[in-house]
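2 protein chains.
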Amino acid sequence: MKGNDDSAQHLKIAEFLIENIRNGEYKENEKIPSEHKLCHLFQVNRHVVRQAIARITNQGWVTPVQGKGCYINRIPKPIQYVLSSQTRFSEIMDSQGVQHESRLLHWEKGLSSLAERSNLQIHEDETIYRLEILRYVDDKPISITTTVIPEIEVPNLEHHFDGFSSLYGLLEKQYHFRPIRSRSVFQGCLPVWKDAEILEMPENIPIIQMENLMNHPSGSPVEYSVSRMRSDMHKCLIVY
Amino acid sequence: MKGNDDSAQHLKIAEFLIENIRNGEYKENEKIPSEHKLCHLFQVNRHVVRQAIARITNQGWVTPVQGKGCYINRIPKPIQYVLSSQTRFSEIMDSQGVQHESRLLHWEKGLSSLAERSNLQIHEDETIYRLEILRYVDDKPISITTTVIPEIEVPNLEHHFDGFSSLYGLLEKQYHFRPIRSRSVFQGCLPVWKDAEILEMPENIPIIQMENLMNHPSGSPVEYSVSRMRSDMHKCLIVY
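One line per chain: the protein sequences are A and B, in this order. By numbering that gives the first Met the number 0, the letter at position 211 of the first sequence is numbered 210, and the numbering carries on one by one without gaps. By numbering that gives the first Met the number 0, the letter at position 229 of the second sequence is numbered 228, and the numbering carries on one by one without gaps.
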């Protein structure tokens, strides 16, 4: 590996700083070492150290304060999202003692897209409900989910939207079933404009996109959803 | 949602173009519609269209050719990585008819880190092998894995590195066991300098980091690994 040219030097310093912020060696609201100290430590000139600091500033790790130094930003502690057949957002959050909320951003009743109906195994002319749900942890938006359920499984769903707080709570209370996770596909990507706007996040933090197919306890597909989650706020755990 | 100011307009056009490249409406090696056509289609001025094109050029979707137009780049087709207790890279690739290779980049024998020994449930003074394995699909590097196995499970492991092609192949042939996946934790993040260099990838494509704990068929932890995978080359599937 290359390593001694200037361009690699500033990347190494940036990673050294990030590593120390991540592992708690440098603490939130405190300052990283001064330019002077970093020059000495890495035996480089001020220009290289400044490049490293510009990089970690852009990435959201620190905030430089004129004449004072570089303060370490609050790093979101990711929530642990356990992926199992019974996963339910509100229960995962409760078990971790995390303050959470789900808001119904938008809903519509209509026809399905090709991907939706092939996943749900329904006909082209069957009506579906499509809901957009925004999830918050500690009052910060962390994920946006579009979920589709055939109307026949949840007739008059819109009658129960008042005071919406959890889709699965609503399904259990009003329709007496709880979907069971059958398949998930996940990918990493960068946020699109809509994600960044809704999730109030910088565009350079990746998104985990998770596509889920849920079954009715009787065995047939009942819900198809696509969640886009801030990757810095989620850690997904699979137990086999 | 906002939507009519200029800054949002160019983002919308960029997403429209990306969507059409993704869904195959615009094809590899062909051109996207001309600036003129896009201006007309979105009722915006040339400046806004150019901003949109600059954006998707930076993101690696297209290559502008002076005086000719904007050609659509080859989009890597992600491999499907099935996560189950029996997952094995080479078998997944074989089943998808994909040309693949694993190379042993580096190995060492020594003591474990705190994370390694707490996952493997071994003592501080137990020796481990630590391997760095680079995986290729169609001759392109797609992931880098650091894997740790206690020496006691694989005595003289280094005697079998000649002609290395698959770790699990080696374990089965020489040590007569096959690790069973017991737990995975995944997160999305941006590549660090080393990832970008080893995986020969742009720094703005996210990485999926997956931490795996594998058991010996007899039940005790035998392998702890951390893989960093190009997110545009992997689609992970979990079946419950």
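Backbone N, C-alpha and C fix where the C-beta goes; we use that ideal spot for every residue, glycine too. Just so we're clear, the structure is a prediction, and the values are computed from it rather than from any experiment.
Under 8 Å from the C-beta of residue i: neighbouring residues of chain B
i, result
"Asn72 (chain A)", "Within chain B, no residue comes near Asn72 (chain A); the closest Cβ sits about 16 Å away, beyond 8 Å."
"Ile143 (chain A)", "Neighbours of Ile143 (chain A) on chain B: none; closest Cβ ~12 Å, over 8 Å."
"Lys139 (chain A)", "Here the premise fails: no neighbours, minimum Cβ distance about 17 Å."
Minimum C-alpha distance to residue i - residue among the options
i, options, result
"Arg180 (chain A)", "A:Arg87, A:Trp60, A:Ile17, A:Thr62", "A:Arg87"
"Lys11 (chain B)", "B:Ala51, B:Leu40, B:Pro32, B:His46", "B:Ala51"
"Pro205 (chain B)", "B:Ser142, B:Ile71, B:Gly218", "B:Ser142"
"Gln120 (chain B)", "B:Asn19, B:Cys38, B:Pro220", "B:Pro220"
"Pro140 (chain B)", "B:Glu29, B:Gln98, B:Trp106", "B:Gln98"
"Met228 (chain B)", "B:Pro32, B:Ile197, B:Leu37", "B:Ile197"
"Gly218 (chain B)", "B:Met232, B:Met200, B:Pro178, B:His233", "B:Pro178"
"Lys67 (chain B)", "B:Ser33, B:Pro201, B:Ala53, B:Leu40", "B:Ser33"
"Glu199 (chain A)", "A:Tyr135, A:Ile20, A:Ile71, A:His39", "A:Tyr135"
"Pro265 (chain A)", "A:His39, A:Gln85, A:Ile74", "Lying before the first or after the last residue shown, residue 265 (chain A) is absent from chain A, which here runs from 0 to 239."
"Asp93 (chain A)", "A:Trp106, A:Asn118, A:Asp137", "A:Asp137"
"Leu74 (chain A)", "A:Lys108, A:Gly109, A:Ile20, A:His39", "Note on identity: in this sequence residue 74 (chain A) is Ile, with Leu being the wrong assignment. Checking every option, the nearest Cα to that of Ile74 (chain A) belongs to A:Ile20."
Within chain A, the residues that residue i reaches when beta carbons sit closer than 8 Å
i, result
"Pro271 (chain B)", "Residue 271 (chain B) is absent from the structure shown; chain B starts at 0 and stops at 239."
"Arg182 (chain B)", "Leu236, Ile237, Val238, Tyr239"
"Asn203 (chain B)", "Leu189, Asn203"
"Ser230 (chain B)", "Gln186, Gly187, Cys188, Pro205"
Residue i versus residue j: straight-line alpha-carbon distance, rounded
i, j, result
"Gln79 (chain A)", "Ile91 (chain A)", "8 Å"
"Val238 (chain A)", "Gln95 (chain A)", "17 Å"
"Glu24 (chain B)", "Ala114 (chain A)", "16 Å"
"Asn214 (chain A)", "Arg116 (chain A)", "14 Å"
"Val225 (chain A)", "Ser111 (chain A)", "14 Å"
"Asn22 (chain A)", "Phe176 (chain A)", "43 Å"
"Leu236 (chain A)", "Val81 (chain A)", "5 Å"
"Phe15 (chain A)", "Ser230 (chain A)", "21 Å"
"Glu18 (chain A)", "Leu37 (chain A)", "15 Å"
"Gln58 (chain B)", "Asp194 (chain A)", "17 Å"
"Glu27 (chain A)", "Val153 (chain A)", "47 Å"
"Val43 (chain A)", "Ala13 (chain A)", "13 Å"
"Ala7 (chain B)", "Ile31 (chain B)", "20 Å"
"Thr146 (chain B)", "Met232 (chain B)", "21 Å"
"Leu133 (chain B)", "Leu166 (chain B)", "11 Å"
"Arg243 (chain A)", "Phe41 (chain A)", "Past the boundaries of the shown model lies residue 243 (chain A); chain A is included only from 0 to 239, so the question cannot be answered."
"Glu222 (chain B)", "Tyr174 (chain A)", "45 Å"
"Pro77 (chain B)", "Glu202 (chain B)", "18 Å"
"Thr144 (chain A)", "Cys69 (chain B)", "33 Å"
"Ile151 (chain A)", "Ser89 (chain A)", "25 Å"
"Leu104 (chain A)", "Asn155 (chain A)", "18 Å"
"Gly2 (chain A)", "His9 (chain A)", "Because the pLDDT of Gly2 (chain A) is 39, which lies under 50, any placement of that residue in the model is unreliable, and the number read from its coordinates should be weighed accordingly. Distance between the alpha carbons of Gly2 (chain A) and His9 (chain A) is about 10 Å."
"Glu157 (chain B)", "Glu107 (chain B)", "9 Å"
"Met0 (chain A)", "His46 (chain B)", "Confidence at Met0 (chain A) is low in this model, with a pLDDT of 35, below 50, so its placement is unreliable and no value can be given for it."
"Lys234 (chain B)", "Phe160 (chain B)", "30 Å"
"Gly109 (chain A)", "Gly162 (chain A)", "23 Å"
"His35 (chain A)", "His39 (chain B)", "55 Å"
"Asn118 (chain A)", "Ala53 (chain A)", "46 Å"
Within-7 Å CB hit, residue i to chain D
i, result
"Val147 (chain A)", "The structure shown has no chain D; the protein chains it does contain are A and B."
Amino acids of chain B, ordered along the chain, whose beta-carbon sits closer than 7 Å to that of residue i
i, result
"Ser84 (chain A)", "Tyr239"
"Glu199 (chain A)", "Going along chain B, no residue has its Cβ under 7 Å from Glu199 (chain A), so there is no contact; the nearest lies around 12 Å."
"Leu10 (chain A)", "Trp192"
Distance between beta carbons of residue j and residue i, contact taken as under 8 Å
i, j, result
"Ser101 (chain A)", "Ser164 (chain A)", "6 Å"
"Glu123 (chain A)", "Pro149 (chain A)", "Wrong, their Cβ atoms sit about 12 Å apart, outside the cutoff."
"Ile55 (chain A)", "Glu29 (chain A)", "Actually they do not touch by this definition, with Cβ atoms about 14 Å apart."
Neighbour list for residue i in chain B, Cβ cutoff strictly below 9 Å
i, result
"Arg102 (chain A)", "The contacting residues do not exist; Arg102 (chain A) stays about 15 Å from chain B at best."
"Glu14 (chain A)", "Val191, Trp192, Lys193"
Residue i Cβ short of 6 Å to the ligand COA heavy atom set
i, result
"Gln42 (chain B)", "What this structure holds is no ligand at all, so the ligand COA is not there to describe."
- Are there three or more Cβ pairs, one per stretch, closer than 8 Å when the stretch 188-196 of chain A is compared with the stretch 167-174 of chain A? no
- Using 8 Å as the Cβ pair cut-off and three pairs as the minimum, do the stretch 176-188 of chain A and the stretch 207-218 of chain A touch? yes
- Message: For the structure I just gave you, are there three or more beta carbon pairs, one from the stretch 45-65 of chain B and one from the stretch 128-137 of chain B, closer than 8 Å?
- Response: no
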